[in-house]
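Notes follow the structure.
And the structure:
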């Protein structure tokens with residue numbers, strides 16, 4: 603049981619390039635989400651999904667796309683990278699995303715992205 | 003708008019002394035509140051969560067938090083700090099739309 607995995611761990615992009623951050627979980631969780639972490643700002647929700655085929659926007663969705671074709675995978679796409687997207691990105695998953703007694707969110711190890 | 007406020011960006015205590023990390027929330031409904039810990043270059047790990055079952059919640063590694071509705075607070079405490087507790091701590095609240103709102107974090111330093 604690997605939990606939540608993210609690839610790559612580190613990435614450097616030039617402004618305007620596109621890329622996909624990969625996230626996968628093997629716990630059969632319905633809820634998956636992407637956050638970005640910036641100094642002094644905590645974690646901010648980018649996009650989330652409550653199940654395969656369903657995605658929705660979080661707090662800071664601009665410049666990012668997501669899709670959820672399977673329960674296991676939730677890739678995050680940067681369409682045209684900008685220096686403001688330099689950040690650490692975390693993927694997370696949980697049973698149903700309701701925050702109830704049985705719902706615990708598990709985080710991946712993060713992807714450190716630098717946009718030059 | 004819903005928000006979570008961590009009142010201290012940095013807390014420094016001596017090893018063996020109590021720890022208090024403060025968190026206030028703004029939900030008007032009954033919140034689901036969480037504390038996470040993040041060690042350097044690691045992901046977030048759940049310490050404890052409040053979901054209205056009990057106001058005093060015990061978590062891992064000797065941490066606990068008390069939910070006080072009248073003060074809209076969910077402060078994290080530990081009776082005796084250990085060097086391994088040095089990390090960043092985040093308070094979080096689930097909104098009604100499957101969205102978690104995080105505080106800005108408190109960096110805990112432990113002095114020998």
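Chains as they are written, first to last, in the working numbering: chain A, 603 to 718; chain B, 3 to 114. Note that the Cβ used here is the ideal one computed from N, Cα and C, for glycine as well. This one's a predicted model, so the numbers in the text were calculated from it and none came from an experiment.
Residue-level contact by beta carbon holds for residue 45(B) and chain A, with a gap shorter than 7 angstroms.
Taking a 10 Å sphere around the C-beta of residue 635(A), we find 16 or more other C-beta atoms and assign the residue as buried. For residue 112(B), the beta-bridge partners assigned by DSSP are 15(B). Around the beta carbon of residue 28(B), a 10 Å sphere encloses fewer than 16 other beta carbons of the protein chains shown; the residue is thus reported as exposed. With respect to the C-alpha of residue 31(B), the residue from 62(B), 74(B) and 20(B) having the closest C-alpha is 74(B). Between the alpha carbons of residue 673(A) and residue 22(B) lies a distance of about 39 angstroms. Runs of the beta strand (DSSP E) spanning 3 or more residues and lying entirely within the region 15-65 of chain B occur at 21-23, 25-27, 34-40, 46-52 and 58-60, in chain order. Residue pairing by DSSP places residue 92(B) opposite 38(B) in a beta bridge. C-alpha of residue 88(B) to C-alpha of residue 109(B): approximately 8 angstroms in a straight line. Annotation for residue 717(A): the continuous beta strand (DSSP E) segment containing it runs 713-717. When rounded, the separation of the alpha-carbon atoms in residue 650(A) and residue 710(A) is 15 angstroms.
For residue 69(B), not one C-beta of chain A is nearer than 7 angstroms to its own C-beta. Around residue 695(A), the same chain offers 606, 627, 631, 634 and 708 as residues with beta carbons nearer than 6 angstroms, after the five sequence neighbours per side are excluded. Think of a sphere of 9 angstroms around the beta carbon of residue 101(B): the chain A residues whose beta carbon falls inside it are 635, 647, 650, 658, 660, 661 and 699, in chain order. Counting along the chain, residue 622(A) sits inside the beta strand (DSSP E) bounded by residues 621-627. Just so you know, the alpha carbons of residue 662(A) and residue 81(B) end up roughly 37 angstroms apart.
Within the model, the alpha-carbon separation for residue 78(B) versus residue 619(A) is close to 42 angstroms. Between residue 616(A) and the set 691(A), 692(A) and 684(A), the nearest pair of CA atoms involves 684(A). Going by beta carbons, residue 637(A) and residue 623(A) fall outside the 7 angstroms limit. Nearest Cα to residue 700(A) within the set 57(B), 62(B) and 36(B): 36(B). Going by beta carbons, residue 53(B) and residue 34(B) fall inside the 7 angstroms limit. Judged by their CB atoms, residue 76(B) and residue 25(B) are nearer to each other than the 7 angstroms cut-off.
Counting only the Cα atoms, residue 669(A) lies some 42 angstroms from residue 112(B).
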